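K.L.:
In the numbering used here, the protein residues as written are 10 to 273.
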Ligand SMILES: NC(=O)c1ccc[n+]([C@@H]2O[C@H](COP(=O)([O-])OP(=O)(O)OC[C@H]3O[C@@H](n4cnc5c(N)ncnc54)[C@H](OP(=O)(O)O)[C@@H]3O)[C@@H](O)[C@H]2O)c1
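Structure follows, in C-alpha cells:
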C-alpha cells in the first residue's frame with residue numbers, strides 16, 4: 010500500500026507528506042482515467058473527467074469550456090490546477106494522425122485554454138522523449154525522442170507547454186501496471202520507471218509542492234526484468250525488439266531536492 014493517513018494528520022505517500030486542507034486551497038482536476046489517472050484519483054480523491062464516464066474529448070476544443078468552467082454565467086474556472094493524464098499511448102503504432110491530434114494538438118489547445126482561465130497545467134510526459142539523448146538525461150539536456158509518432162508528438166506537446174504556458178509543470182516519467190502482467194520481461198531496457206503507485210505518489214508530491222517547469226520523476230535505475238521480478242518472481246527473461254529504446258535513464262537530482270525539502 011503506497012499511502013496511509015493518521016487521524017487528522019497529514020496523508021503519507023512513500024514518506025511524502027500532503028498537508029491537510031491542501032484540497033481546500035488548491036482545487037485539482039485530473040483529465041483521463043487510464044492507468045495513471047485512476048491511480049492518482051485512488052491516492053488523492055481529486056476530481057476527474059474522462060472520455061468513458063463524461064464523454065470528455067481532448068481533441069474537441071469546445072469541450073474545455075463545456076466541462077472545465079461552471080455551467081453558470083460566471084467565467085471563473087472550477088479548478089486552479091489541471092493534471093493532463095490523457096494521451097494516445099499506442100507507443101509503437103505507425104499511425105500518425107491520432108498521436109498528432111491527442112498528444113500535440115489537444116495539448117496545445119488545453120494550454121491556450123488554461124492560460125486564458127489562469128489554470129496551472131500539469132502535463133504528464135514520458136521518459137521516451139529522452140530515448141536518444143545522453144544518459145542519464147537531465148531536464149536541461151536536449152530531449153531526443155524515440156523513432157515513433159508517440160514520443161515525437163509527446164515531445165511536441167512538451168515544447169508547446171514550455172513555449173506558451175504561463176503556469177506549468179511538465180513531468181517526464183514512466184509507470185507500469187502492478188503486478189507486472191506479462192510472462193516475460195526485458196533484461197536489456199533500463200530506465201527509472203516504477204510501478205504506477207510509486208510514480209503516482211511522487212507526482213502527487215510534485216503537484217502539492219507547487220513545482221514549476223520541467224521535472225524528471227522516477228526511482229533507482231533498473232531493467233524492466235528487475236522491476237517485474239519484484240511482483241512476479243517467476244517472470245522469464247526476455248529481450249526488447251529493435252524499436253524499443255535500450256536506455257531512458259534520467260537524472261533525478263531536481264526531484265530528490267524537492268523530496269528532501271519536504272522532509273526537512
Ligand atoms: N504507461 C506508461 O508506461 C507511460 C510511460 C511514460 C509516460 N506515460 C504517460 O503518462 C500519461 C498517462 O498514461 P497512462 O499510462 O495512464 O495511459 P493509458 O492507460 O493509455 O490512459 C490514457 C487515457 O487517455 C484517454 N484518451 C485518449 N485519447 C483521448 C481523447 N481524445 N479524449 C479523452 N481521453 C482520451 C484514454 O481514454 P479511454 O480510456 O477512453 O481510451 C485513456 O484513459 C500519458 O501522458 C502517457 O503518455 C505513460
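No residue lacks a Cβ here, since even glycine has one placed at the ideal position from N, Cα and C. It should be emphasised that the depicted structure is a prediction, and the values quoted were computed from it without experimental measurement.
1) Whole angstroms are fine: how far does the CA of residue 126 sit from the CA of residue 234?
2) For ligand 1, any of its heavy atoms closer than 8 Å to the Cβ of residue 278?
3) Mark residue 162 as exposed unless 16 or more other C-beta atoms lie within 10 angstroms of its C-beta, in which case mark it buried.
4) Please report the residue range of the alpha helix (DSSP H) in which residue 40 lies.
5) Identify, in the order they occur along the chain, each residue of the same chain with its Cβ nearer than 6 Å to the Cβ of residue 30, setting aside the five sequence neighbours on each side.
6) Out of 225, 128, 203, which one is the CA nearest neighbour of residue 134?
7) Starting from residue 238 and walking both ways along the alpha helix (DSSP H), at which residues does that stretch end?
8) Please list, in chain order, all residues of the same chain as residue 164 whose beta carbon is under 7 Å from its beta carbon, the five residues on each side excluded.
9) Taking 8 Å as the cut-off, does the CB of residue 67 come closer than this to any heavy atom belonging to ligand 1?
10) Go ahead and label residue 143 buried or exposed: buried means 16 or more other beta carbons lie within 10 angstroms of its beta carbon, across all protein chains shown.
11) Is DSSP giving residue 46 helix, strand or coil here?
12) Could you name the residues of the same chain whose beta carbon sits closer than 6 Å to that of residue 146, not counting the 5 residues immediately before and after it, in chain order?
13) Three-state secondary structure (DSSP) at residue 33?
14) Round the Cβ separation of residue 94 and residue 40 to the nearest angstrom and send it over; I've been treating them as touching at under 8 Å.
15) Nearest to residue 245 by CA position, among 204, 191, 265, 211, is which residue?
16) How should residue 269 be labelled, buried or exposed, when 16 other C-beta atoms within 10 angstroms of its C-beta is the threshold for buried?
17) What residues are listed by DSSP as bridge partners for residue 185?
18) Pull up the DSSP beta-bridge partners for residue 223, would you.
19) Residue 194 bridges to which residues according to DSSP?
20) At which residues does the alpha helix (DSSP H) containing residue 261 begin and terminate?
21) When every heavy atom of ligand 2 is checked, does at least one fall within less than 8 Å of the C-beta of residue 161?
22) Given the structure, does residue 198 come close to ligand 1, in the sense that its CB is under 8 Å from one of the ligand's heavy atoms?
23) Spell out the partners DSSP gives residue 199 in its beta bridges.
24) Run through DSSP, which three-state label would residue 92 get?
25) Are the Cβ atoms of residue 183 and residue 201 separated by less than 9 Å?
P.N.:
So, from the data block:
1) Residue 234 sits at position 225 when you count from the first residue of the chain shown. Residue 126 sits at position 117 when you count from the first residue of the chain shown. Answer to the nearest angstrom: the Cα atoms are 44 Å apart.
2) No answer is possible for residue 278: it lies beyond the span of the chain, which begins at 10 and ends at 273.
3) Counted from its first residue, the chain shown places residue 162 at position 153. By the neighbour-count definition (other C-beta atoms within 10 Å, threshold 16), residue 162 is a buried residue.
4) Taking the chain shown and counting its residues from 1, the one referred to as residue 40 is at position 31. First-last for residue 40: 37-40, but that is the beta strand (DSSP E), not the alpha helix (DSSP H).
5) Mapped onto the chain shown, residue 30 falls at position 21. Only weak support exists for where residue 30 lies, its pLDDT of 43 falling under 50; the coordinates are left without a value.
6) As a working note, residue 134 is residue 125 in the chain shown. Nearest option by C-alpha distance: 225.
7) Locating residue 238 in the chain shown gives position 229, counting from the first residue. Per DSSP, residue 238 belongs to the alpha helix (DSSP H) from 233-240.
8) Indexing the chain shown from 1 puts residue 164 at position 155. Cβ within range, chain order: 138, 152, 154.
9) The residue you call residue 67 lines up with position 58 of the chain shown. Inclusion of residue 67 in the 8 Å shell around ligand 1 follows from its C-beta lying nearer than that to a non-hydrogen atom of the ligand.
10) Taking the first residue of the chain shown as 1, we reach residue 143 at position 134. Residue 143 is exposed by the Cβ-count criterion.
11) Here residue 46 corresponds to residue number 37 of the chain shown, with the count starting at 1. It is helical.
12) Taking the first residue of the chain shown as 1, we reach residue 146 at position 137. Excluding sequence neighbours, residue 146 sits near 139, 259.
13) Locating residue 33 in the chain shown gives position 24, counting from the first residue. Caution applies to residue 33, whose pLDDT of 44 falls short of 50 and renders its modelled position unreliable; the value that the coordinates give is listed next. Three-state DSSP puts residue 33 in a helix.
14) The residue given as residue 94 occupies position 85 in the chain shown. The residue given as residue 40 occupies position 31 in the chain shown. Yes, they are in contact, since the Cβ atoms of residue 94 and residue 40 sit about 6 Å apart, within 8 Å.
15) In the chain shown, counting from the first residue as 1, residue 245 sits at position 236. That would be 191, whose Cα lies nearest to the Cα of residue 245.
16) The residue labelled residue 269 in the question sits at position 260 within the chain shown. Under this definition residue 269 is an exposed residue.
17) The residue you call residue 185 lines up with position 176 of the chain shown. 204.
18) Taking the first residue of the chain shown as position 1, residue 223 is located at position 214. Its beta-bridge partners are 179.
19) Locating residue 194 in the chain shown gives position 185, counting from the first residue. 246.
20) Reading the chain shown from its first residue, position 252 is the one you call residue 261. Note, residue 261: premise wrong, no alpha helix (DSSP H); not H, not E.
21) For ligand 2, the structure offers nothing, since it holds only ligand 1.
22) The residue you call residue 198 lines up with position 189 of the chain shown. Not so, every heavy atom of ligand 1 lies at least 8 Å from the Cβ.
23) Your numbering for residue 199 matches position 190 in the chain shown. According to DSSP, which records beta bridges pairwise, residue 199 is partnered with 232, 256.
24) Here residue 92 is taken as the residue at index 83 of the chain shown, counted from 1. Looking at residue 92 - three-state DSSP - the assignment turns out to be strand.
25) Numbered from 1 along the chain shown, position 174 holds the residue referred to as residue 183. Numbered from 1 along the chain shown, position 192 holds the residue referred to as residue 201. Result yes, Cβ atoms of residue 183 and residue 201 sit closer than 9 Å.
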